[in-house]
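Enquirer: Heads up: the sequence shown runs through residues 892 to 1292, numbered per the working numbering. Every residue gets a Cβ at the ideal spot worked out from N, C-alpha and C, and that includes glycine.
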Amino acid sequence: MKALVVEDEKNSRMMLSKILEANGYEPIEASNGIEALEKINESRPDIIISDIMMPEMDGFQFCRELKKNEILKNIPLIFYTSIYKDEADEKLAMEVGASAYIRKPEDPKILIGIINKVLKDHRSGKIGTLELTDEKEYLSKYSQTLFKKLEDKVLELEDANKKLETALSELKTVDRLKDNIISNVTHELRTPLIHASGFLELAIDEGDKSKQGELLKKSMNALEREKKVISDLIEISYAGKGLLSHVIEETDIGTLIKSTVEDLRPKAEAFEINVRTSIEEGLIVGADKNQILHVLNNLLDNAIKFNRKGGEIEINAGKKDGSIKVCFKDTGIGIPPDKLTNVFDKIYQVDSGSTRRYGGVGVGLAIAKYIIESHNGRIWVESNGEKGSTFCFSMPGENNK
Ligand code: ADP
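1. Going by the C-beta, is G1202 closer than 7 Å to any heavy atom of the ligand ADP?
2. Verify whether the separation of the beta carbon atoms of E947 and G924 is less than 8 Å.
3. For F1284, does the count of other Cβ atoms within 10 angstroms reach 16, so buried, or fall short, so exposed?
4. Where G1253 and D977 are concerned, what is the direct C-alpha to C-alpha distance, given to the nearest angstrom?
5. Between N1189 and the ligand ADP, is there a pair consisting of the residue's CB and a ligand heavy atom that are separated by less than 7 Å?
6. Unbroken beta strand (DSSP E) runs of length 3 or more, entirely within the stretch 1120–1150: which are they?
7. Go to Y1261, then tell me how far its alpha helix (DSSP H) extends in each direction, as first and last residue.
8. Can you tell me whether T1064 is buried or exposed? The criterion is at least 16 other CB atoms within 10 Å of its CB, across all chains shown.
9. Provide the residue span of the alpha helix (DSSP H) that contains N1057, from first to last.
10. Given the structure, does A1130 come close to the ligand ADP, in the sense that its CB is under 7 Å from one of the ligand's heavy atoms?
11. Across which residues does DSSP place C1283 in a beta bridge pair?
12. Nearest CA to the CA of H1266: which residue from S1015, V1217 and A1178?
13. For a test of the three-state rule: what should DSSP assign to S941, helix, strand or coil?
14. Which runs of the beta strand (DSSP E) fall wholly inside the stretch 914–969 and span at least 3 residues, in chain order?
15. Could you say if the stretch 1177–1195 and the stretch 1261–1276 meet the contact criterion of at least three C-beta pairs nearer than 8 Å?
16. Output yes or no for whether 8 Å exceeds the beta carbon distance between V1241 and P1227.
17. Consult DSSP for K1210 and reduce its assignment to one of helix, strand or coil.
18. Excluding the 5 residues flanking M892 on each side, which residues of the same chain have their C-beta closer than 8 Å to its C-beta?
19. So, F1197 versus G1223, is the Cβ gap smaller than 8 Å?
20. Who are T1232's beta bridge partners in DSSP?
21. Would you say the beta carbon of V1166 is closer than 7 Å to some non-hydrogen atom of the ligand ADP?
22. Let me check one thing: in DSSP terms, what residues is G1177 bridge-paired to?
23. Count the other CB atoms, across all protein chains shown, that sit within 10 Å of the CB of V1272; report buried if there are 16 or more and exposed otherwise.
24. Between the Cα of P999 and those of L907, I1085 and E1056, spot the shortest distance and give me the residue it belongs to.
25. For the 8 Å Cβ check, are there 3 or more pairs between the stretch 1089–1097 and the stretch 1106–1113?
26. Going by beta carbon distance, what residues of the same chain come within less than 7 Å of L963, once the five residues before and after it are set aside?
27. Beta strand (DSSP E) containing I993: first to last residue?
28. Given R1199, which residues of its chain have a CB within under 8 Å of its CB, disregarding the five upstream and five downstream residues?
29. Taking 7 Å as the cut-off, is the beta-carbon of G1253 closer than that to any non-hydrogen atom of the ligand ADP?
30. Does the distance from the C-beta atom of G1131 to that of E1163 stay below 8 Å?
31. Using the rule of at least 16 other Cβ atoms within 10 Å of the residue's Cβ for burial, across every protein chain shown, is Y1317 buried or exposed?
32. When you compare only the Cα positions, how much space is there between N1075 and T1036?
33. Is any non-hydrogen atom of the ligand ADP found closer than 7 Å to the C-beta of A1178, if you look at the structure I gave you?
34. Please return the same chain residues whose Cβ sits closer than 7 Å to the Cβ of E1126, not counting the five positions on each side in sequence.
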């Protein structure tokens, strides 16, 4: 039994031929209506399975030509289409004389079932040959269908265009952010080194021992800042790869908070910021001390850095429902509501512009989030615009591990 496959897309054509072959048919192939009419004359197929959207001569025109031909009009034709899927398309397909209409993709078994049935019904005379509709009426319906498809295509293209424009503008933003990040990180790495070498040069020429000592100390502090930037960058890359392991031991959160406050007191005093604490007794957790210190240090350092001169910081730590909750409330510049979740992203800064006033490379909170979550805890921020921010974290208490 010969089956003619009319399909412009090579892979679909091959696939359909293979399915037909596997089910006992001898497939013949054509890539459009004109080629199909030639092949029909050469080899007289028993059935035709045709796509609709094709170059040169589409399926509707091909079927119309076939049914106009007194000798060939009895060969049954099935439309198999992925584009002409509307009810109006199906109606026109049947009006031009198709014996069946199938929407792609169809399960091969069902497809073969329909082809077999069409052949059988033709043989038994169940499906007759349709009377051709008037040419004018056909052309009007045909052009309407084409027009509708064209309209759909234009809408589809407009939609795709909009999506492309959005993607392009997102890409431009990402590109700009990447440039800012590179220049920020470079700046944060270069500045302490320039300071350190400057102080060292001065120290070499300084005759007064005590002044020389002060200069060396300043150089040392600058190098410590450099070390912190580098170790933050290393830490976030380790965290991203899941390589940041921790040593869990019994840890008193209250003691760690007090020591963090003492460490950063000189910086807070330099900005005339008052730090108040309210810490409950016995806040014991199973945790990696150094990592928790890192989190506390980052939260307090940010609360100072993003504060206003003469501002306040309130640290509250206590127990709640078996968890330990610690909050840092500041009277600083605050965070816009739409950026609240982003601040925990890697290398993210609310203000990453070139005129940025604050130091840092934007990884501290991402590290803090990683650490807290790997201790089965949660970290979050609340901010009511410009009145300041409150960063909190909670983690299971010692009895709740
Ligand atoms: P860095 O401080 O190095 O920029 P972080 O990861 O610690 O990086 O913080 C990310 C960003 O979140 C900061 O750049 C800042 O925009 C915002 N942020 C963090 N803490 C505060 C805060 N207390 N007040 C206002 N903004 C903050």
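Expert: In this structure, then:
1. Checking every heavy atom of the ligand ADP against the Cβ of G1202, none is found closer than 7 Å.
2. When the beta-carbon positions are compared, E947 and G924 come within less than 8 Å of each other.
3. buried
4. 53 Å
5. When distances are taken from the beta-carbon of N1189 to the heavy atoms of the ligand ADP, the shortest one is below 7 Å.
6. 1140–1143
7. G1255 to S1265
8. exposed
9. Per the sequence presented here, residue 1057 reads as Thr, with Asn not at that position. First-last of the alpha helix (DSSP H) with T1057: E1026 to D1096.
10. Checking the Cβ of A1130 against the ligand ADP gives no.
11. Assignment of beta-bridge partners to C1283 by DSSP yields C1218 and W1271.
12. A1178
13. strand
14. 917–921 and 938–941
15. Flag = yes, the stretch 1177–1195 and the stretch 1261–1276 touch.
16. yes
17. strand
18. G915, Y916, E917, D937, I938 and L1010
19. Closer than 8 Å, so yes.
20. DSSP, once it has assigned bridges, lists no residue as partnering T1232.
21. no
22. Looking at the DSSP output, G1177 sits in a beta bridge with E1141.
23. Taking all protein chains shown into account, V1272 has 16 or more neighbouring C-beta atoms within 10 Å of its C-beta and is therefore buried.
24. L907
25. yes
26. I931 and L957
27. A991 to R994
28. T1222, G1223 and I1224
29. yes
30. Result no, Cβ atoms of G1131 and E1163 do not sit closer than 8 Å.
31. The structure shown has nothing for residue 1317, since the chain only spans 892 to 1292.
32. 58 Å
33. no
34. So the qualifying residues of the chain are L1135 and I1258.
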